[in-house]
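If you read the sequences in order, they're chains A and B.
Residue numbers in the first sequence follow our numbering, run continuously in steps of one, and reach 197 at the last position.
Residue numbers in the second sequence follow our numbering, run continuously in steps of one, and reach 77 at the last position.
Built from N, CA and C at the ideal position, the CB exists for glycine as well.
This structure is a prediction, so every number in the text was calculated from the model and none was measured.
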Amino acid sequence: MAIVVGGTTVTGTQTLLASVLTGTASAINGSNITNVSGGKLLQTQSALFTNSSAHNSQTMSASNYTDQITPSATNSQIFVSFNFRSHIYQSGDTQCRSELAVFRQINGGGYSQFYPANAGICWGIGVSDGERNMYTTPQITFLDTTHNTTNAIDYKLYARRNTSATGSVNVGGSSFQAQVILMEISA
Amino acid sequence: MIDLIKLYKALEVLKTDVEWTLLDDIDSTSLTENLYNKIGWVTGADSNGIAITTNTCPHSEIDYSKVKTEYDKL
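Here you go:
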């Protein structure tokens, strides 16, 4: 195909030197461009919290910390991150342990434990006796590769105390800023 | 922000090892009856291992005025 440049017909293989290009390029509409590899990060969602919750039970109960994402593809991956403060208190006894887990809900169908799949992320202390007050800032991160949906997905932090423990298990407190981050990554 | 440890201690005085949960979603600064009524009293667990709760306290040893009295002592 011949191309006319400045009234001159140009054919064959030519070299267009960048050094002779001047001016401002026109806006390019990329709607018909194909075979271009785009970025892997498709979207992010995040939520901040400063409230708190108590979980003085041996069964899991929901915290306030949650966020929702609606994947654009069924095979995309969701990177999930929870950053928060966790606190346990015990006036005596020997075991003071908190169990934490992230529950997942798809399309409003009800929450079930997702990560870790079994048990919880346990932290705490075993001592002989005495009052104790402990704080930590867990970071729970994982990749959800099994959602298989383009419906809304909710992730929520749940907590309980270990079944062999007594004491008080809390999430948040002292206006500690907690954050939930969800990122959809292309497969 | 409500002191959840004081609330825990107050409830332990009234009934040892009572199981409860509380979502303080408005970041309360004191124990009020409104906040007390948000306590979820654990009555069991569902098939997903999630606590089944009721906002009506099933424990005769516990009511708001008793909890408030113990809470304010601490």
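Alpha carbon to alpha carbon, what distance is there between Ser-82(A) and Thr-176(A)? 44 angstroms
Kindly indicate which residue of Ser-96(A), Ser-67(A), Phe-113(A) has the alpha-carbon position closest to the one of Ser-185(A). Ser-96(A)
Can you tell me where the beta strand (DSSP E) holding Ala-48(B) begins and where it ends? 43-48
Element boundaries [beta strand (DSSP E), containing Thr-57(B)]: 54-57
6 angstroms CB neighbourhood of Ser-91(A) in its chain, flanking five on each side removed: Thr-151, Ile-191
From Gln-123(A), Thr-147(A), Pro-126(A), pick the residue whose C-alpha is nearest to that of Ser-182(A); which is it? The residue asked about is misnamed: residue 182(A) is Gly in this sequence, not Ser. Residue Thr-147(A) is the option with its Cα nearest to Gly-182(A).
If you draw a straight line from the alpha carbon of Gly-52(B) to that of Lys-71(B), how long is it in whole angstroms? 31 angstroms
Does the beta carbon of Tyr-75(A) come closer than 8 angstroms to any beta carbon on chain B? no
Just checking: is the beta-carbon of Met-144(A) within a distance shorter than 8 angstroms of some beta-carbon in chain B? Chain B, which has no Cβ nearer than 8 angstroms to the Cβ of Met-144(A), makes this no.
Would you decide whether Tyr-168(A) is buried or exposed? Buried here means 16 or more other CB atoms lie within 10 Å of its CB. buried
Can you pull the chain B neighbours of Met-70(A), defined as C-beta to C-beta under 9 angstroms? Ala-48, Asn-51, Gly-52, Ile-53, Ala-54
In whole angstroms, what separates the C-alpha of Ala-64(A) from that of Asp-28(B)? 11 angstroms
Taking Cβ positions only, does Tyr-125(A) come closer than 8 angstroms to chain B? no
Kindly indicate which residue of Leu-27(A), Asp-154(A), Ile-131(A), Ala-162(A) has the alpha-carbon position closest to the one of Gly-120(A). Ala-162(A)
Any contact of the segment 44-51 of chain B with the segment 6-14 of chain B, i.e. 3+ C-beta pairs under 8 angstroms? no
CA nearest to the CA of Tyr-74(B), picked from Thr-59(B), Thr-35(B), Glu-22(B): Thr-35(B)
Would DSSP call Ser-108(A) helix, strand or coil? strand
At a Cβ threshold of 8 angstroms, is Asn-66(A) touching chain B? yes
What's the gap between the Cα of Asp-154(A) and the Cα of Leu-51(A)? Annotation: Asp-154(A) to Leu-51(A) spans about 14 angstroms, alpha carbon to alpha carbon.
What three-state label does DSSP hand Lys-50(A) in the structure shown? In the structure shown, Lys-50(A) falls within a coil segment according to DSSP collapsed to helix, strand and coil.
Could you tell me the boundaries of the beta strand (DSSP E) in which Ala-188(A) lies? 188-195
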